[in-house]
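Notes for the one structure printed next.
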Amino acid sequence: MTTPPHVIAYRVVTVALATVILVAAGFGLAGRGPLGALGTHLRAASSQSTGGAP
Amino acid sequence: MTMRALLFSSPGLLGLASGVVLYAVALYRGLVRSPVLVTPQNYQDLRVKAAPVGVGQFPPDLAWPFYPVRQAGVDLAEVRYHLHEIYLRLWKWPRDAFFLGLHGSRLWWWVFFPIPVTVIYFLLVGGLAAWLCYGVYWLVTTGAAAANMAAFGAAEAAMRSAERHRRTRRHARAACMHCFHVTDWPAYRCPGCARLHHDVRPSRLGLVTRRCECGTHIPTVASRTAWHLTAVCKRCEQPLPEGTGAIRDVRVPVFGDTSAGKTRFLYAALSSLVRTAERAGLEFTFPDKASQDQAELGLSVIRDGRDTAKTSATAPVALTCRLGRGRRSELIHLFDAAGEHFRDAQRYDELRFLDDSQGLVYVLDPFAVPAIQDQLTGHNATVIRQAHAAAGDPEIAYDEVMARLRDGGVPAGAQRLAVIVSKADLLRKTGLELPTGSAAIAEWLKKVGMYNLVVSSQRDFAEVRFYTVASQQVAADRADDPEAPLSWLLRAYGVQLPGNDPPPGPA
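Sequence lines, in order, name chains A and B.
For the first sequence, position 17 matches number 25 in the working numbering, and the numbering has no gaps at all.
For the second sequence, position 148 matches number 157 in the working numbering, and the numbering has no gaps at all.
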């Protein structure tokens, strides 16, 4: 039986959403992209609050 | 060595990459190469298993269910299964070599321990990455399904409530003139595969439209479905008029004793109604050939002033007419059964149309009332002969119908009754003075010995009005107009009738 279009559409949307999240997380781990920038910002803020200690 | 450094080492990066590939392969296998589909038949079987179909019920319709209902869970399970299977297969060789010693000596493998450690590390990171990807996919699918179902549930409840409200307000039901079965909405035949859909309301099979098993889109709200698909009776599967289930549907049975003048009243009222509609520029049609032929025959008899033939005692006559056009039209069903049906308890089943009626017309032959017969003795004998007086007691047919309604659990107290004193033209010819107005007619009937009938009808029904009716010579003030009782009943159920005839005063 042929897969109806609404099932295909749902699958495409969920996989695409999951992929976007995974790519963003991957770039974040590598210190790039919005998550990477957020990580850098948080690390900087944390080091400032501890008086610049590493 | 930090965790970050470990992860971004060569085997770590390779493991991460292979984990993503593993997840991608599992997705491909689970969703593209060999997906498991929740077909309409699967879904129907599941629902029937969960809630077995009772007597007089129908199994859920065969249409594709909404994705989050079942398919989302099945897809997640499929991807999980394939991921698990591929990952186990990846572990097979290292396990055989490093732990079971199936590929050379185990000792030698562990002498060169960096190799097994690197491979195991690679597999662990790969597995972790793959299952992490799957976790994200699971979260997205489950979150989307939950959000969809919540929004869907609210929309479904709102749409069903709006449709129910609209139906109640419009008295939109589905009445079959073949088997007299009346349901809240009919079944609709799919134009693609001719399969019947018994419940097209918004549901898990679709909110605005549903997709039949054959792929055809079907609107889910009966007020739209009724104009796109053929409506069919749920019991006998005979086609119903266009718009059934979406437009006002009023059913008025006419009952009374044999020769009381039921058929004559029905066609005289219809003839008057047709004329009124024509004057107002309203379309008046008959949606099926049987009704059309029957009406043409009956109306020609009335218009030519001929005698009405005795109604066949084999089966009740049902006549459907449509007032107005398209979505603003209204269906009116008139029932006429031979008087014998109301006298014979064994023929109760043939009077099923009484159970779902909205208003009733009781035809009383004044020539069959003993007190009137006494008054007429020695009067115009030709007129009395012309009247073909009913032989039985006028109260018997009334009592039989009331017994039938009571036995069937039909709440007569919610219905309206029009009591018709037929043959008024003939009665006037004999020189008898007839009162006008419902209250005056009721009083007159009480005086001529119909006290019990008047009192019990007023007790049994929500509202009763009394009329005198002439099929031929309507009085100049239209007091005997056969349309008046029918108009009153139809207007009471919201039928938009033209004309400015003031209804008779209440009883």
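Quick reminder that beta carbons are idealized off the backbone N, C-alpha and C, glycines included.
Can you list the beta strand (DSSP E) stretches of 3 or more residues lying completely in the region 248 to 323 of chain B, in chain order? 257 to 265
Is T239 of chain B helix, strand or coil by DSSP? strand
Are the beta-carbon atoms of A196 of chain B and V241 of chain B separated by less than 8 Å? yes
With a CB to CB cut of under 6 Å and the five nearest residues on each side skipped, what residues in its chain are close to V57 of chain B? P68
Write down every uninterrupted run of the alpha helix (DSSP H) in the region 50 to 106 of chain B whose length is 4 residues or greater and which is fully enclosed by it, in chain order. 80 to 103
I need the boundaries of the beta strand (DSSP E) containing A154 of chain B, first residue and last residue. Unbroken run through A154 of chain B is the alpha helix (DSSP H), 123 to 179; no beta strand (DSSP E).
Pair within 8 Å by beta-carbon distance, L363 of chain B and R413 of chain B: yes
Distance check for C223 of chain B and C202 of chain B, CA to CA, integer angstroms please. 6 Å
CB contact flag (P49 of chain B, N157 of chain B, <8 Å): Inclusion of P49 of chain B and N157 of chain B in the CB contact set at 8 Å is not warranted, their separation being larger than that value.
Among the residues of its own chain, which have a CB less than 7 Å from the CB of R437 of chain B, if the five just before and after it don't count? L443
Own chain residues within Cβ distance below 8 Å of M459 of chain B, not counting five before or after: L373, V378, P403, E404
Counting only beta-carbon separations shorter than 8 Å, does C185 of chain B have a partner in chain A? Closer than 8 Å: no.
From the beta carbon of A32 of chain A, is the nearest beta carbon of chain B less than 8 Å away? Interface criterion not met: the Cβ of A32 of chain A is under 8 Å from no Cβ in chain B.
Once the 5 residues before and after P42 of chain A are set aside, which same chain residues still bring their CB inside 6 Å of it? none
Buried or exposed: which applies to S300 of chain B, given that a residue is buried once 16 or more other Cβ atoms fall within 10 Å of its Cβ? buried
Just to confirm my understanding: we take Y130 of chain B, look at its own chain, exclude 5 residues before and 5 after, and list those with CB closer than 8 Å. What are they? P20, G21, G24
With H, G and I counted as helix, E and B as strand and the rest as coil, what does DSSP make of P511 of chain B? Any answer about P511 of chain B is weak, because its pLDDT of 46 lies below 50 and its placement is not dependable; what the coordinates show is given next. P511 of chain B: coil per DSSP, three-state reduction.
Report the three-state DSSP secondary structure of R182 of chain B (helix, strand or coil). coil
Suppose the cutoff is 6 Å on Cβ atoms and the five residues either side in sequence are ignored; what does the same chain contact list for F295 of chain B look like? Q301, A304, C330
Please check the pair E492 of chain B and L282 of chain B, which I expect to be a contact at CB under 8 Å, by giving their CB distance rounded to whole angstroms. 5 Å
Residue environment, S496 of chain B, which counts as buried when at least 16 other CB atoms sit within 10 Å: buried
Since P228 of chain B is in the alpha helix (DSSP H), which residue starts that stretch and which ends it? From DSSP, P228 of chain B is part of no alpha helix (DSSP H) but of the beta strand (DSSP E) over 226 to 228.
With DSSP run on the structure shown, which of helix, strand or coil describes A451 of chain B? helix
Exposure label - A269 of chain B; buried when at least 16 CB within 10 Å: Residue environment for A269 of chain B: buried (at least 16 other C-beta atoms within 10 angstroms of its C-beta).
Report the three-state DSSP secondary structure of S54 of chain A (helix, strand or coil). helix
On a Cα-Cα basis, can you pick out the residue from B:R182, B:V62, B:E165, B:L498 that is closest to V428 of chain B? B:L498
Determine the direct distance from the alpha carbon of P12 of chain A to that of T225 of chain B, and round the result to whole angstroms. 11 Å
List the residues that DSSP assigns as beta-bridge partners of Y476 of chain B. In the DSSP output, where bridge partners are listed per residue, Y476 of chain B has B:I429.
Leaving aside the five residues before and after L31 of chain B along the sequence, list all residues of the same chain whose C-beta is less than 7 Å from its C-beta, in chain order. L92, I95, Y96, G135, A139
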